[in-house]
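Notes to accompany the following structure.
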DNA sequence: GTAACGCTGTGAATAATTTCACAGAATAAT
DNA sequence: ATTATTCTGTGAAATTATTCACAGCGTTAC
Ligand SMILES: NC(=O)c1ccc[n+]([C@@H]2O[C@H](COP(=O)([O-])OP(=O)(O)OC[C@H]3O[C@@H](n4cnc5c(N)ncnc54)[C@H](O)[C@@H]3O)[C@@H](O)[C@H]2O)c1
Ligand SMILES: NC(=O)c1ccc[n+]([C@@H]2O[C@H](COP(=O)([O-])OP(=O)(O)OC[C@H]3O[C@@H](n4cnc5c(N)ncnc54)[C@H](O)[C@@H]3O)[C@@H](O)[C@H]2O)c1
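Protein chains in written order, with this note's numbering: chain C, 6 to 221; chain X, 6 to 221.
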């Protein structure tokens, strides 16, 4: 069991757990590494290697217990106490995100939203209260929020990140197409849709071209 | 100049180009690898290594020409002819995406949307016509679409992917939290917000804990 | 019993990615 | 001119991530 677990492994564990949850709903009780691997789109060795890091062991004959493994990943990934999330920027994307996460994982839910638009402040959207920026330090403090989602325009992203971090947030999910400058002990995950779409366009084109050249 | 360029490098090149474009708007004409690196949040060696793959050379004394380098990345990344994109699923997320990409890069724009909801079909949203699923093969064919964005509910994602691929699409940007099963010559990029948020929550917590234990 | 099977857990090998470190080059200063 | 400076481009090294390959085990079949 390694001291630190890589970012990639954490991501895959999250995926495995979701797949296990679906299997459990479907009534499955056991599965082998190669089955989970096929569902997750990775190799069986990868699955077993990832599971080493949480210290869960399967049986050579039955494989893994769907319920136990799911719970084991949960104990590893989730906080023992519920983690509240703050969303900054209640625009088109922000509202879609609120709708998406509403009523999902209770361990990790959006508990407060922030926006500069006075029309949005004090409204309740998807069951979540929208506050003004001035209220952020107080709300983040009182709710014990450690995670922030940035869905503000690019120009406002760095400022919003600074305010969140000053208020006590330790991790950021950033949708603004701007690399954030934060202290090295703050974790930032960027979701850069423009970059992702350009990647898809590049490789789609490349594969199409390769296909044409396929003469062997 | 390597025969194939890694996915990660393609992603960073997309980012570099955006940063260069901003610099150009700000009137900058030259910059060094360490400056671009700092803006992109990577090392200078990484920038130089990435630029090797597109075969653009800078000057040891002036660094890189902002305009030339941007154009050079464009020639490498972009298709010589405009690439149209199809969006499937005009819900909360789909509409936010349409708003976001509307009027951005003309090389790579959403030219058609698809939805099963008869209320949405034949409407024009953000300048983009919404079609029924039955029209997909015909529209994808006539528009020469190679790239698809999936913003449909999880249960509909695999079916929508299959329909897109059958119609001729070679690359997919998938927002549904479901690993897609497609032919190996189809490129898929997943944006899994649940996984990303869980990663942030995990590392935010871990860093916070480390800070507490910081006794050295 | 015990032999055969097909899995897991994991050291070792391999592959991919990043960083180091420095020769070579363009310029500026003298 | 010559020297000093500070960068780029790139082999080589280091690091990180993935895959191979197999010993060992629980189960089943006979
Ligand atoms: N819409 C998308 O699908 C999409 C896709 C990729 C990236 N993004 C990025 O996500 C961000 C939000 O996009 P959007 O489409 O929701 O934009 P939007 O304009 O619809 O919403 C932005 C919201 O942020 C609020 N805001 C502005 N400044 C603020 C500040 N300083 N503090 C708090 N709130 C502030 C605005 O009042 C508005 O409600 C942008 O950075 C955009 O580039 C959006
Ligand atoms: N909203 C978010 O911020 C968010 C975040 C992460 C992931 N997602 C994922 O993105 C997807 C869409 O999310 P959403 O919030 O926009 O959902 P939504 O319910 O608002 O929209 C889904 C849209 O897809 C259409 N649709 C349903 N079946 C279809 C089919 N077979 N073909 C074409 N269109 C079909 C519906 O009519 C609807 O317009 C979901 O898979 C969701 O899990 C959304």
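Note that CB positions come from ideal geometry on N, CA and C, so glycine has one too. None of these values were measured; they are calculated from a predicted model.
**Request:** Closer than 9 Å, Cβ to Cβ, to anything on chain C: give me those residues from the region 198 to 216 of chain X, in chain order.
**Result:** Look at the region 198 to 216 of chain X: the residues with a C-beta under 9 Å from a C-beta of chain C are 198, 199, 200, 201, 202, 203, 204, 205, 206, 207, 208, 209, 210, 211, 212, 213, 215, 216.
**Message:** At the level of alpha carbons, what is the spacing between residue 5/C and residue 150/C?
**Reply:** Because chain C spans 6 through 221 in this model, residue 5/C falls outside it and cannot be assessed.
**Prompt:** Between 51/X, 19/X, 55/X, which lies nearest to residue 7/X when the distance is taken from Cα to Cα?
**Reply:** Looking up residue 7/X in the second chain gives position 2. Measuring from the Cα of residue 7/X, the nearest candidate turns out to be 55/X.
**Prompt:** Is the region 16 to 25 of chain C close to the region 40 to 55 of chain C, with three or more CB pairs under 8 Å?
**Reply:** At 8 Å Cβ cutoff, the stretches touch.
**Where residue 207/X sits in the DSSP three-state scheme** = The count along the second chain starts at 1 and reaches residue 207/X at position 202. The three-state secondary structure of residue 207/X, taken from DSSP, is helix.
**Prompt:** Nearest chain X C-beta to residue 194/C closer than 7 Å, yes or no?
**Reply:** Taking the first chain and counting its residues from 1, one reaches residue 194/C at position 189. Yes - at least one Cβ of chain X is within 7 Å of the one on residue 194/C.
**Asked** Which class does residue 21/C belong to by DSSP, given the choice of helix, strand or coil?
**Response** As a position in the first chain, residue 21/C is number 16, starting the count at 1. Helix.
**Message:** Suppose only complete runs of 3+ residues qualify. What are the beta strand (DSSP E) ranges in the region 65 to 123 of chain C, listed by chain order?
**Reply:** Within the region 65 to 123 of chain C, the complete beta strand (DSSP E) runs of at least 3 residues are 88 to 93, 113 to 119.
**Asked** Exposed or buried, what is residue 167/X when buried is set at 16 or more other beta-carbons lying within 10 Å of its beta-carbon?
**Response** Residue mapping note: residue 167/X aligns to position 162 of the second chain, counting from 1. Exposed, by the Cβ-count rule.
**Prompt:** In whole angstroms, what is the alpha-carbon distance linking residue 221/C and residue 211/C?
**Reply:** Working through the first chain from its first residue, we reach residue 221/C at position 216. Working through the first chain from its first residue, we reach residue 211/C at position 206. Below a pLDDT of 50, predicted positions are generally treated as unreliable, and residue 221/C, at 45, falls in that range; no measurement from the model is reported.
**Message:** Which residues does DSSP list as the beta-bridge partners of residue 245/X?
**Reply:** Residue coverage of chain X in this structure runs from 6 to 221, which leaves residue 245/X outside it and unanswerable.
**Prompt:** Shortest alpha-carbon distance to residue 58/C belongs to which of 74/C, 70/C, 43/C?
**Reply:** The sequence position of residue 58/C within the first chain is 53, counting from 1. Ranked by how close their Cα comes to the Cα of residue 58/C, the residues 74/C, 70/C, 43/C have 74/C in first place.
**Prompt:** Closer than 6 Å: is that where the CB of residue 122/C sits relative to any heavy atom of ligand 1?
**Reply:** As a first step, residue 122/C is located in the first chain; it is residue number 117 there, counting from the start. Under cutoff, so the answer is yes.
**Beta-carbon spacing of residue 177/C, residue 193/C below 7 Å** = Mapped onto the first chain, residue 177/C falls at position 172. Mapped onto the first chain, residue 193/C falls at position 188. Contact: yes.
**Interface residues of chain C facing residue 52/X [CB-CB closer than 7 Å]** = If you number the second chain from 1, residue 52/X lands on position 47. Going along chain C, no residue has its Cβ under 7 Å from residue 52/X, so there is no contact; the nearest lies around 13 Å.
**Message:** Looking at chain X, is there any beta carbon in it that lies within less than 7 Å of the beta carbon of residue 15/C?
**Reply:** Within the first chain, residue 15/C is the residue found at index 10, counting from 1. So yes, residue 15/C belongs to the interface.
**Asked** At a Cβ threshold of 7 Å, is residue 60/X touching chain C?
**Response** The residue labelled residue 60/X in the question sits at position 55 within the second chain. Not one chain C Cβ lies under 7 Å of residue 60/X.
**Message:** Tell me the rounded alpha-carbon separation between residue 115/C and residue 154/C.
**Reply:** Locating residue 115/C in the first chain gives position 110, counting from the first residue. Locating residue 154/C in the first chain gives position 149, counting from the first residue. So the two alpha carbons sit approximately 9 Å from each other.
**Asked** What distance in whole Å lies between the Cβ atoms of residue 35/X and residue 67/X, which are believed to be in contact at a cut-off of 8 Å?
**Response** Taking the second chain and counting its residues from 1, one reaches residue 67/X at position 62. Taking the second chain and counting its residues from 1, one reaches residue 35/X at position 30. With 8 Å as the limit, residue 67/X and residue 35/X qualify as a contact, their Cβ atoms being about 5 Å apart.
**Prompt:** Residues in its own chain within less than 6 Å of residue 65/X by CB, not counting five upstream and five downstream?
**Reply:** For the purposes of this step, residue 65/X is identified with residue 60 of the second chain, where counting begins at 1. No residues qualify anywhere along the chain.
**Asked** residue 46/X CB to nearest chain C CB: under 7 Å?
**Response** Taking the second chain and counting its residues from 1, the one referred to as residue 46/X is at position 41. Taking 7 Å as the threshold, the shortest C-beta distance from residue 46/X to chain C falls below it.
**Message:** Here's a check: name, in chain order, each residue in its chain whose Cβ is nearer than 8 Å to the Cβ of residue 92/X, leaving out the five neighbours to either side.
**Reply:** Within the second chain, residue 92/X is the residue found at index 87, counting from 1. The residues are 99, 102, 103, 115, 117, 118, 119, 133, 153, 154, 156.
**Asked** In whole angstroms, what separates the C-alpha of residue 213/X from that of residue 175/C?
**Response** As a working note, residue 213/X is residue 208 in the second chain. As a working note, residue 175/C is residue 170 in the first chain. One C-alpha to the other measures close to 7 Å.
**Message:** So with CB distances below 9 Å, who are the chain C contacts of residue 88/X?
**Reply:** Residue mapping note: residue 88/X aligns to position 83 of the second chain, counting from 1. The CB of residue 88/X comes closer than 9 Å to the CB of 206, 209, 210 in chain C, given here in chain order.
**Prompt:** So, does the CB of residue 175/C fall closer than 7 Å to a CB anywhere in chain X?
**Reply:** Residue mapping note: residue 175/C aligns to position 170 of the first chain, counting from 1. At least one chain X Cβ lies under 7 Å of residue 175/C.
**Asked** Would residue 4/C be called buried (16 or more neighbouring beta carbons within 10 Å of its own) or exposed?
**Response** There is no way to answer for residue 4/C, as the model of chain C reaches only from 6 to 221.
**Request:** Return the bridge partner residues of residue 36/C from the DSSP annotation.
**Result:** The residue you call residue 36/C lines up with position 31 of the first chain. BP columns for residue 36/C point to 69/C.
**Item:** Span separating the alpha-carbon of residue 195/C from that of residue 197/X
**Value:** Walking along the first chain from the start, residue 195/C turns up at place 190. Walking along the second chain from the start, residue 197/X turns up at place 192. Answer to the nearest angstrom: the Cα atoms are 12 Å apart.
**Whole-Å CB distance - residue 78/C paired with residue 37/C, under 8 Å assumed** = Mapped onto the first chain, residue 78/C falls at position 73. Mapped onto the first chain, residue 37/C falls at position 32. With a Cβ gap of about 17 Å, residue 78/C and residue 37/C do not count as contacting.
**Asked** Between residue 63/C and residue 76/C, what straight-line distance do the alpha-carbon atoms span, to the nearest angstrom?
**Response** The residue labelled residue 63/C in the question sits at position 58 within the first chain. The residue labelled residue 76/C in the question sits at position 71 within the first chain. If you take the alpha carbons of residue 63/C and residue 76/C, they lie about 14 Å apart.
**CB contact below 7 Å: residue 152/C versus chain X** = Residue numbering aside, residue 152/C sits at position 147 when the first chain is read from its first letter. With 7 Å as the cut-off, residue 152/C counts as an interface residue toward chain X.
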